[in-house]
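Going letter by letter, the sequence shown gives residues 0 to 220 in numbering that gives the first Met the number 0. Contents: one structure, followed by commentary.
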Amino acid sequence: MRCAECGGGFSKISATHFGCSTARNKGPTACTNRLTVRRDSLEDAVLSALRERLMDPEVLKEFVAGFTEAWNRLQANASTGLTSKRQELVRVEQQIGRAVDAILEGMAPATLRERLASLEVRKAALEGELASADEPAPRLHPNLAEVCRHRVAELSDALSSDDGAEARELVRGLVEEIRLVPEEGRLRIEVRGELGTILRLAEGAQDAGNGKRPSEVAEAF
C-alpha cells in the first residue's frame, strides 16, 4: 500500500490501522496525508466492489469481450511497431550498401560519407531496439476468452461464499499495488495490477449503457 500524495508506504500505526509513514515520520512538510485505514475495511471495500461489478452475468460477458478486445489491440499495436522497425532496418541496410558501392567506385560526393555514418548509427539503434524488444504475445481467439471467464468466475464464486478467506487470497494474487488517495477527508482506493484491470473493464461494461466514464478506482470510504 502506498500514499498517492507522497509515494511513501502505508504502514501499520496501531493494532488495527495503517497510515502514511512519511507523514508520521517526517511531518507535514513531507506529506500532509494523515488519514488512516483499517486493513479489514480496505479489503472489504475491494471485495464489495468486485461483488457489485462481477456478479451480473451480463457484466461478466461484457468484461470478457472487453478483455479480449483490449488484449488483441495491444498485441496488434506491438506487432505493428516491430514490423515497422524491421522494415526500416531493411531500407537502412540497402541504403548503406548503395553508399558503400558508390564510395568504392569513387563516384560518391564528400557528403555521402557523412550520410553513411548517420545510416550506420541508425542501423545500430534499430538492431538494439529489435534485440531488446519482446515478441508480442499471441492474440486471443474469441474461444480462448473462456480462460479469462474461468478466472473471473472463480473469483465470483469465492466472493459469493460465506468464507471470505479464499476471496481475499485470490485478490492479493491479482494486486501489484494499492494507492490510497486523500480526497475531501476520505481515502479513495486505486488498485494497480490485474485486479485493477478487471475492475476497470467490469465497471466499463456496467457504464457502457449510460455514458459514464470508467473509473480507475475500486472503492472510496
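Ideal Cβ placement from N, Cα and C applies to all residues, glycine included. Predicted model, so just to flag it, every value in this text is computed and none were measured.
Residue i to residue j, Cα distance in whole Å?
i, j, result
"L118", "I95", "7 Å"
"A22", "L186", "15 Å"
"V180", "G26", "18 Å"
"L81", "T31", "45 Å"
"A14", "L41", "15 Å"
Whose C-beta lies closer than 8 Å to the C-beta of residue i among residues of the same chain, with five residues either side of it excluded?
i, result
"L88", "K122, L125, E126 and L129"
Please report the residue range of the beta strand (DSSP E) in which residue i lies.
i, result
"R114", "Looking at the DSSP string, R114 is not in any beta strand (DSSP E); the run it does join, the alpha helix (DSSP H), is A109 to S131."
"R37", "T35 to R37"
"G18", "H16 to C19"
"E189", "R185 to R191"
Any idea what DSSP makes of residue i, helix, strand or coil?
i, result
"V174", "coil"
"S10", "strand"
"E4", "coil"
"E168", "helix"
"E42", "helix"
"G104", "The question names Gly, yet the displayed sequence has Glu at residue 104. Correct three-state label for E104: coil."
For residue i, which residues of its own chain have a beta-carbon under 6 Å away from its beta-carbon, when the five flanking residues on both sides are left out?
i, result
"T35", "H16 and G18"
"A29", "T21"
"S10", "S20"
"C5", "T21 and C30"
If you drop the 5 nearest sequence neighbours on each side, which residues of the same chain put their C-beta closer than 7 Å to that of residue i?
i, result
"K84", "L125, E128 and L129"
Less than 7 Å separating the beta-carbons of residue i and residue j?
i, j, result
"L73", "A98", "no"
"E176", "R191", "yes"
"A3", "R178", "yes"
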